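As given, the protein sequences belong to chains A and B, one line each in that order.
Taken in order, the first sequence gives residues 1 to 171; the numbers are from my numbering.
Taken in order, the second sequence gives residues 1 to 171; the numbers are from my numbering.
We treat Cβ as the ideally placed atom computed from N, Cα and C, and that holds for glycine.
A quick note: this is a predicted structure, and the numbers were derived from the prediction, not measured.
Here is the structure we will look at.
Number of protein chains: 2
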Amino acid sequence: MERYVCGDCGHIYYSNPKVVVGSVVTHQDKVLLCRRAIEPRKGFWTLPAGFLEENETPEDGAKREAREEASCDIVLDALLAVYSIARLSQVQLFYRARLPEPRFAPGTESLEVKLFAWEEIPWTELAFPSVRRALDHYARTKDREVFTPGSNPEASQALPRFGGASGTAPG
Amino acid sequence: MERYVCGDCGHIYYSNPKVVVGSVVTHQDKVLLCRRAIEPRKGFWTLPAGFLEENETPEDGAKREAREEASCDIVLDALLAVYSIARLSQVQLFYRARLPEPRFAPGTESLEVKLFAWEEIPWTELAFPSVRRALDHYARTKDREVFTPGSNPEASQALPRFGGASGTAPG
Numbered sequence: 001m002e003r004y005v006c007g008d009c010g011h012i013y014y015s016n017p018k019v020v021v022g023s024v025v026t027h028q029d030k031v032l033l034c035r036r037a038i039e040p041r042k043g044f045w046t047l048p049a050g051f052l053e054e055n056e057t058p059e060d061g062a063k064r065e066a067r068e069e070a071s072c073d074i075v076l077d078a079l080l081a082v083y084s085i086a087r088l089s090q091v092q093l094f095y096r097a098r099l100p101e102p103r104f105a106p107g108t109e110s111l112e113v114k115l116f117a118w119e120e121i122p123w124t125e126l127a128f129p130s131v132r133r134a135l136d137h138y139a140r141t142k143d144r145e146v147f148t149p150g151s152n153p154e155a156s157q158a159l160p161r162f163g164g165a166s167g168t169a170p171g
Numbered sequence: 001m002e003r004y005v006c007g008d009c010g011h012i013y014y015s016n017p018k019v020v021v022g023s024v025v026t027h028q029d030k031v032l033l034c035r036r037a038i039e040p041r042k043g044f045w046t047l048p049a050g051f052l053e054e055n056e057t058p059e060d061g062a063k064r065e066a067r068e069e070a071s072c073d074i075v076l077d078a079l080l081a082v083y084s085i086a087r088l089s090q091v092q093l094f095y096r097a098r099l100p101e102p103r104f105a106p107g108t109e110s111l112e113v114k115l116f117a118w119e120e121i122p123w124t125e126l127a128f129p130s131v132r133r134a135l136d137h138y139a140r141t142k143d144r145e146v147f148t149p150g151s152n153p154e155a156s157q158a159l160p161r162f163g164g165a166s167g168t169a170p171g
């Protein structure tokens, strides 16, 4: 494991995996997406999501990201998915969330925020593969109170008992 | 947010929340526990668990921890729970896992590794509150293929729709 060591004092800085928290937010069957104002993937559509901060629960982090990126207050409903990208040392926690009132506006990291009916979602202009994956898992499970959270395709193989239930490849 | 800055070169080292990965591992209805050989809580019983490393998926991390602490190969079955401790900037992912063969031995961080029948679990000698919480959620959900992963009591309030189903306080 590579470690940053300060050349001055020898202090070791552990470089840890990063936790991303975000939400699939809906209001009357429409999905909230944000068009990114920053790189990477500037101009592409994403879910309100970002890095979990120190001393923050994942639930609070997901709500903070919705406030920062879409200026809205959301109500979390369930853990939707846990994805990971080993190459980037990222663990991503997505929640299913409701927007009680259709009040939102772009934050500084968004060019535009919009509610999309399912058939209007700009599938070819989504910012990241996990956005598509989270939306697909949302569609598969939205009418269920109890469901298996989404996971990586690789992880579904590691979790064979549930591979059939939650491991359908995004279309 | 506090940041480490190298006094020599000014490089900022982001201090991120840490991800703990672990498992409730069973073999024929018995639960595998490890008696800690290291502080904190040396001498107390815990689940095989530890910090996720860089470039590792949580699933691989949970399997590695079982190898390191209990010298055993486990098969993951489902995401059991996601807990967090904001004060410690920790996000904890616990999996439900099977031990196909009852072969295990203490690793360097364990004094002893043992399979416990449910009524033999040393409840008063468990190392951390989340061990008790994960075991309780395991007991509530062990016969279900599809279930809501456990979450913090606080988070259950943040997820009101599922508060009744998964928010029962540990007894």
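Minimum Cβ-Cβ distance from residue i to chain A less than 8 Å
i      : result
B:R87  : yes
B:K18  : yes
B:V24  : no
B:S130 : no
B:E109 : no
B:E54  : yes
B:V91  : yes
B:V113 : no
Beta-bridge partners of residue i, as assigned by DSSP
i      : result
A:T207 : The requested residue 207 of chain A is not part of the displayed model; chain A covers only 1 to 171.
B:Y83  : B:Q92
B:S110 : B:R36
A:G61  : Per DSSP, none; premise fails for A:G61.
A:L115 : A:L32
A:W45  : A:R35 and A:L126
7 Å Cβ shell around residue i - same chain, five flanking residues per side excluded
i      : result
B:T141 : F147
B:C72  : A66, L99, R103 and F104
A:F116 : K30, V31 and L33
B:S256 : Since the displayed chain B opens at 1 and closes at 171, residue 256 of chain B lies outside it and no answer follows.
Sequence-distant residues of the same chain with beta carbon closer than 6 Å to residue i, five excluded per side
i      : result
B:L111 : R35 and A37
A:V19  : L52 and V91
A:V50  : Looking at the sequence itself, residue 50 of chain A is Gly, so the reference to Val does not match. Excluding residues within five positions, the ones whose Cβ falls inside 6 Å are E65.
B:I121 : none
Any chain B beta carbon closer than 8 Å to residue i
i      : result
A:G164 : In this prediction, A:G164 scores a pLDDT of 37, lower than 50, which makes its location untrustworthy; the coordinate-derived value is nonetheless stated afterwards. A:G164 does not count as touching chain B.
A:A117 : no
A:A78  : yes
A:L99  : no
A:V31  : no
Contacts around residue i, its chain only, beta-carbon distance under 8 Å, and the 5 residues preceding and following it disregarded
i      : result
B:D77  : Y95, R96, A97 and R98
A:A134 : G22, V24, L47, L80, A81, Y83, F94 and G150
B:R70  : Inspection of the sequence shows that residue 70 of chain B is occupied by Ala rather than by Arg. If we look at B:A70 and ignore the five residues flanking it on each side, its Cβ neighbours are V25, L32, C34, P48, F104, A105, P106, G107, S110 and V113.
Cβ-based burial, residue i [other Cβ within 10 Å; buried from 16]
i      : result
B:D143 : exposed
A:T26  : buried
Residues, ordered as in the chain, of the stretch 56 to 70 of chain B that lie near chain A by beta-carbon distance below 7 Å: E56, T57, P58 and E59
Interfacial residues, the stretch 132 to 153 of chain B to chain A, with Cβ spacing under 9 Å: R144, E145, V146, F147, T148, P149, S151 and N152
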